[in-house]
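At position 63 of the sequence shown (counting the first as 1) the number is 62 in numbering that gives the first Met the number 0, and the numbers step up by one without a gap.
The C-beta atom is built at its ideal place from N, Cα and C for all residues, glycine as well.
Because the structure is a prediction, the values reported are computed rather than measured.
Below: the structure, in structure tokens.
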Amino acid sequence: MIPGRTSCYSGWTMEYQGYLMGPYYNYHNKGYLCVNKLAESLFNSSSGNEDGAVIYMTEGRCGSLKCPPYKNGAELACVVCSTTS
Numbered sequence: 000m001i002p003g004r005t006s007c008y009s010g011w012t013m014e015y016q017g018y019l020m021g022p023y024y025n026y027h028n029k030g031y032l033c034v035n036k037l038a039e040s041l042f043n044s045s046s047g048n049e050d051g052a053v054i055y056m057t058e059g060r061c062g063s064l065k066c067p068p069y070k071n072g073a074e075l076a077c078v079v080c081s082t083t084s
């Protein structure tokens, strides 16, 4: 997973593009995920509170990231790539 990018390195194969997601900003950080931008909910799944994990879009902040190319408050993209080497 490569955060902040929408394309893979030369010679790598893109598996999917997505959005960087993680815990709410003031919750204990358990890491970040690259969630496929074409993700779909499960058939017949619940929209109610099932006491499961909650993830949020990760937004860039100027100062901690270089702006430009990043935009303050914008969701961060990511890409999942594979390589044979």
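#1: Would you report the Cα separation of Thr-57 and Gln-16, rounded to the nearest angstrom?
#2: Assuming Met-13 and Val-34 form a contact by the criterion Cβ under 8 Å, report the distance between their Cβ atoms to the nearest whole angstrom.
#3: Let me make sure I understand the geometry here. Which of Phe-42, Tyr-18, Asn-71, Arg-60 has the alpha-carbon closest to that of Ile-54?
#4: Just mark Gly-51 as buried or exposed, buried being the case when its beta carbon has 16 or more other beta carbons within 10 Å.
#5: How long is the line joining the alpha carbons of Pro-67 and Thr-5, rounded to whole angstroms?
If we stick to the structure as given:
#1: 15 Å
#2: Val-34 and Met-13 do not touch by the CB rule: their CB atoms are close to 15 Å apart, not below 8 Å.
#3: Per the C-alpha coordinates, the member of Phe-42, Tyr-18, Asn-71, Arg-60 positioned closest to Ile-54 is Tyr-18.
#4: The residue in question, Gly-51, is exposed, as its Cβ has fewer than 16 Cβ neighbours within 10 Å.
#5: Whole-angstrom Cα-Cα distance: 16 Å.
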